[in-house]
Amino acid sequence: MNYFVEGLQGSGKSTLVSKLQELHPELKAVREGEYSPVELAWCAYLDEEKYPAILDKYPSLRKEIEEKTYSEGDKRIVTYTKIRSEDRAFYQDLEQYEIYNNRVTFEEFESIILQRFSAWNSDGNIFECSLFQNIVEDLILFRNMSDEEILPFYEKIRDALSGKEFKILYLKAEDLRGNLQVIRKERSDENGVEMWFPLMMQFFNDSPYAKARGVSGEDALIAHFAHRQELELRICEVLFPEKTKILPSKGYGELEGI
Numbered sequence: 003m004n005y006f007v008e009g010l011q012g013s014g015k016s017t018l019v020s021k022l023q024e025l026h027p028e029l030k031a032v033r034e035g036e037y038s039p040v041e042l043a044w045c046a047y048l049d050e051e052k053y054p055a056i057l058d059k060y061p062s063l064r065k066e067i068e069e070k071t072y073s074e075g076d077k078r079i080v081t082y083t084k085i086r087s088e089d090r091a092f093y094q095d096l097e098q099y100e101i102y103n104n105r106v107t108f109e110e111f112e113s114i115i116l117q118r119f120s121a122w123n124s125d126g127n128i129f130e131c132s133l134f135q136n137i138v139e140d141l142i143l144f145r146n147m148s149d150e151e152i153l154p155f156y157e158k159i160r161d162a163l164s165g166k167e168f169k170i171l172y173l174k175a176e177d178l179r180g181n182l183q184v185i186r187k188e189r190s191d192e193n194g195v196e197m198w199f200p201l202m203m204q205f206f207n208d209s210p211y212a213k214a215r216g217v218s219g220e221d222a223l224i225a226h227f228a229h230r231q232e233l234e235l236r237i238c239e240v241l242f243p244e245k246t247k248i249l250p251s252k253g254y255g256e257l258e259g260i
């Protein structure tokens with residue numbers, strides 16, 4: 003069995019992954035930014051030509067880069083956010099090789115995602131936000147796709163996952179504003195300076211979706227989250243009804259028997 007732990011930011015996914023691993027210590031937790039057979043968030047996706055150029059450009063980090071590199075055919079996946087460096091240019095450079103946020107064409111994006119879901123053949127995984135969050139954000143915020151366009155995209159993902167054993171544990175948030183306030187505090191430094199929220203706000207405000215609609219700010223972000231959750235729950239209900247269990251946000255007491 004495999005588990006996809008899904009839900010909005012601040013719904014408690016990371017804690018649920020930990021709780022689930024406590025219940026099933028034989029399973030492997032695959033968190034955001036780590037190498038995953040299905041997800042590429044916070045990872046550089048490089049071909050055989052670009053990868054050596056990165057190694058040559060950052061000779062002082064060569065060993066660390068090689069240690070955080072995984073090969074898939076003629077591609078090299080670098081979990082670059084797991085590398086510690088004072089050189090901010092390194093992270094900015096590697097970020098451009100991510101597949102999300104309209105960095106590749108839609109045809110490439112779709113092909114990469116479907117190929118990796120199809121090729122995935124390992125069991126015993128707990129995946130953190132690997133089925134919805136980054137893909138749906140890309141499709142809504144950067145490709146301006148409607149719900150009726152996104153649903154067929156997920157029909158293809160469902161088909162790519164055919165025959166694989168998995169469950170979706172979706173943490174449904176009722177108080178989106180309250181959840182946002184909690185995560186803002188949690189992701190602040192020791193002096194209370196918010197680290198995550200300003201970046202999230204900039205990410206949303208600068209997106210093609212927000213610009214096309216002339217919206218910005220916290221209220222618009224919360225409205226987007228509400229829409230995203232509604233869409234993700236619809237995908238679960240329509241395409242994965244027998245594989246989905248809906249849990250209340252931070253509802254960790256309902257895991258027995260999963």
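According to the working numbering, the stretch in the sequence shown is residues 3 to 260, in order. Positions of the beta carbon are idealized from the N, C-alpha and C atoms, including for glycine.
For Ser73, the uninterrupted beta strand (DSSP E) segment begins and ends at 71-74. By the neighbour-count criterion, in which a residue is buried when 16 or more other Cβ atoms sit within 10 angstroms of its Cβ, Ser13 is buried. For the 9 Å CB-CB criterion, Lys59 and Lys70 do not form a contact. Assigned with DSSP and collapsed to three states, Ala162 falls in helix. When the Cα atoms are used, Ile67 and Ala43 turn out to be separated by approximately 17 Å.
Per DSSP, Ala43 lies in no beta strand (DSSP E) and is assigned neither H nor E. With fewer than 16 other beta carbons inside 10 angstroms of its own, Gly216 counts as exposed. Residue nearest to Ile224 within the set Phe206, Ile237, Ser251 is Phe206 (criterion: CA-CA distance). Under the three-state reduction of DSSP output, Ile85 falls in the coil class, being neither helix nor strand. Secondary structure of Thr107 (DSSP, three-state): coil. Linking Glu130 to Ser218 through their CA atoms gives a straight-line distance of about 28 Å. Straight through space, the alpha carbons of Asp177 and Pro250 are spaced by roughly 11 Å. The Cβ atoms of Glu50 and Asp89 lie no closer than 9 Å to each other. If you draw a straight line from the Cα of Ser148 to the Cα of Gly9, it is about 20 Å long. Glu41 and Tyr254 have their C-alpha atoms roughly 24 Å apart. The beta-carbon separation of Thr81 and Glu36, rounded to 6 Å, stays under the 8 Å limit for a contact. Exclusion of the five residues before and after Ala31 leaves Val19, Gln23, Ile128 as the residues of its chain whose Cβ lies within less than 6 Å of its Cβ.
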